[in-house]
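Every letter in the sequence shown is one number past the one before it in the numbering used here, and letter 144, counting from 1, is 138. Think of the CB as a built atom: it goes at the ideal place given N, C-alpha and C, for glycine as much as any other residue. None of the values given here were measured: they were computed from a predicted structure. Worksheet: the structure to be examined is printed underneath.
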Amino acid sequence: MIRLSESKIDRNAPCWCGSGKKYKNCHMEFDDKIRAIRLQGHSVPDRSLIKTAEQIEGIRRSAKVNMACLDAVAQAIHAGMSTQEIDDIVYDTTVKMGGIPAPLHYEGFPKSVCTSINEEVCHGIPDEKHILKDGDIINVDCSTIVDGYFSDSSRMFLIGDVADDVKKLVQVTKECVEIGISEVVPWHFLGDMGEKVHRHATENGYKVVREIGGHGCGIEFHEDPFVSYVSKAGEEMLMVPGMVFTIEPMVNMGTDEIYEDADNGWTIYTADHKPSAQWEVQILVTETGNEVLCW
Ligand code: MF3
Ligand code: CO
-5 MIRLSESKID RNAPCWCGSG KKYKNCHMEF DDKIRAIRLQ GHSVPDRSLI KTAEQIEGIR
55 RSAKVNMACL DAVAQAIHAG MSTQEIDDIV YDTTVKMGGI PAPLHYEGFP KSVCTSINEE
115 VCHGIPDEKH ILKDGDIINV DCSTIVDGYF SDSSRMFLIG DVADDVKKLV QVTKECVEIG
175 ISEVVPWHFL GDMGEKVHRH ATENGYKVVR EIGGHGCGIE FHEDPFVSYV SKAGEEMLMV
235 PGMVFTIEPM VNMGTDEIYE DADNGWTIYT ADHKPSAQWE VQILVTETGN EVLCW
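So, in structure tokens, the structure goes:
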């Protein structure tokens, strides 16, 4: 692989970002700053992870469809409904708006959305047999492709009367994401964010899943970096303006141990079958802070 971030560009040549400006008047200082931080031993983003204005516009269009899907699910979700019906809503809404559901046929995933109930941590597969019942919590994880641009976000839904301790898990997990968002600051590290997310979960007595986390997202479904929420301040990749990634901690009421469904090869469960919650946003690092593109 060519590490584009290491290739030198002539000061007067056009900038790599497509702005049409000369490199010296555009990203030259930016690249020098990143290089200096890399030389201190930190992980830094490749140029391929820095989105151009045009790419960000594309991701915004994709996100619009993704959020419309989750809004439609929010309107319709109720006890007695099958997760297949949720899949139908997502498929129909996406296609009507000119998008493609990103999960469909992704590495063999058979449906258009992930629906993960109670002890299902993530990657639950919708079907007619999974009927929502009073007291369930469910994560609906939606991802969309529009004009080749990817969006990705997920929300939790409470079905009817949910036990107070389970409601609290859902609420604290949402707070974890909100705290994560506030820690997305240019020239800070992903570990600065991850540590704060982790602390809020553990202070409430919960465990955070280690093996699965967030990811860069926009030009592909899953790009670098891997975004951990079991990380330490000052570690992990540097956040720079133009990066787009997800914040999507999976927070467990009991153990952080998980296992994969042996039959379908997708669904992840908590090892102790206690509930797990997850919210996901897709976020852009800006010059001054961040902008949530998709929720
Ligand atoms: N939407 C999930 C994520 O947040 C990925 C699902 S992959 C699928 O990364 F194939 F299961 F859809
Ligand atoms: Co994701």
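Which of helix, strand or coil DSSP assigns to residue i
i	result
Glu122	coil
Val224	coil
Phe215	coil
Glu101	helix
Ser302	With the chain running from -5 to 289 in the structure shown, residue 302 is simply not present.
Ala265	coil
His209	strand
Val279	strand
Ile290	This structure leaves residue 290 out entirely; the chain is present only between -5 and 289.
Thr249	coil
Leu(-2)	Residue confidence for Leu(-2) is low, a pLDDT of 48 falling below 50, so the modelled location carries little weight; the figure read from the coordinates is stated next. In the structure shown, Leu(-2) sits in a helix (DSSP, three-state: H, G or I).
Glu230	coil
Lys293	Outside the shown range of the chain (-5 to 289) lies residue 293, about which nothing can therefore be said.
Val238	strand
Ala271	strand
Endpoints, alpha helix (DSSP H) assigned at residue i
i	result
Tyr85	Thr77 to Lys90
Ile50	Ala47 to Ala70
Arg149	Note, Arg149: premise wrong, no alpha helix (DSSP H); beta strand (DSSP E) at Tyr143 to Leu152.
Residues of its chain near residue i, where Cβ-Cβ distance is below 7 Å and the 5 sequence neighbours each way are ignored
i	result
Tyr223	Gly188, Val191, His192, Val202, Gly207 and Pro243
Ser148	Asn133, Val134, Asp135, Cys136, Glu242, Gln272, Trp273 and Glu274
Pro97	Phe103, Lys105, Ser106, Val107, Cys108 and Ser137
Gly154	Ala73, Asp128 and Gly129
Gln78	Pro120, Asp121 and Glu122
Gly212	Lys45, Gln49, Ile53, Tyr143, Phe144 and Val238
Pro269	Asn112, Glu113, Ile131, Val160, Leu163 and Met247
Tyr200	Leu163, Val166, Val245, Asn246 and Met247
Limits of the unbroken beta strand (DSSP E) element including residue i
i	result
Cys136	Ile131 to Val140
Glu285	Asn284 to Cys288
Cys116	Glu114 to Cys116
Cys108	Cys108 to Ile111
Ala333	No answer is possible for residue 333: the residues shown for the chain start at -5 and end at 289.
Residues near residue i by beta carbon distance below 8 Å, same chain, minus five either side
i	result
Asp218	Pro39, Asp40, Leu43, His209, Gly210 and Met231
Gly92	Val59 and Val140
Met75	Ile125 and Leu126
is_contact[residue i, chain C] using C-beta, thresh 9 Å
i	result
Ser225	In the structure shown, chain C cannot be found, because there is only a single protein chain.
Nonlocal neighbours in the same chain, by C-beta distance under 6 Å from residue i, ignoring five residues either side
i	result
Ala66	Ile83 and Thr87
Ile262	Val115, Cys116, His117, Ile252 and Glu254
Exercise. Are the region 69 to 84 and the region 31 to 40 in contact at 8 Å, needing three or more beta carbon pairs?
Worked result: no
Exercise. Counting pairs of beta carbons, one from the region 110 to 130 and one from the region 55 to 63, are three or more of them closer than 8 Å?
Worked result: no
For this session: Identify every run of the alpha helix (DSSP H) within the region 11 to 36, keeping only runs that are complete inside it and at least 4 residues long; order them along the chain.
Result: 22 to 33
Exercise. Is the number of C-beta pairs between the region 277 to 288 and the region 224 to 238 that are closer than 8 Å three or more?
Worked result: yes
Exercise. Can you find at least 3 beta carbon pairs, one from the region 213 to 229 and one from the region 251 to 260, that sit closer than 8 Å?
Worked result: no
For this session: Identify every run of the alpha helix (DSSP H) within the region 155 to 199, keeping only runs that are complete inside it and at least 4 residues long; order them along the chain.
Result: 158 to 176 and 184 to 197
Problem set entry | Inter-stretch contact (C-beta, 8 Å, three-pair minimum) for the region 81 to 100 and the region 42 to 53 | no
For this session: Decide yes or no for the touch test of the region 156 to 167 against the region 117 to 131: beta carbon pairs closer than 8 Å, at least 3 of them.
Result: yes
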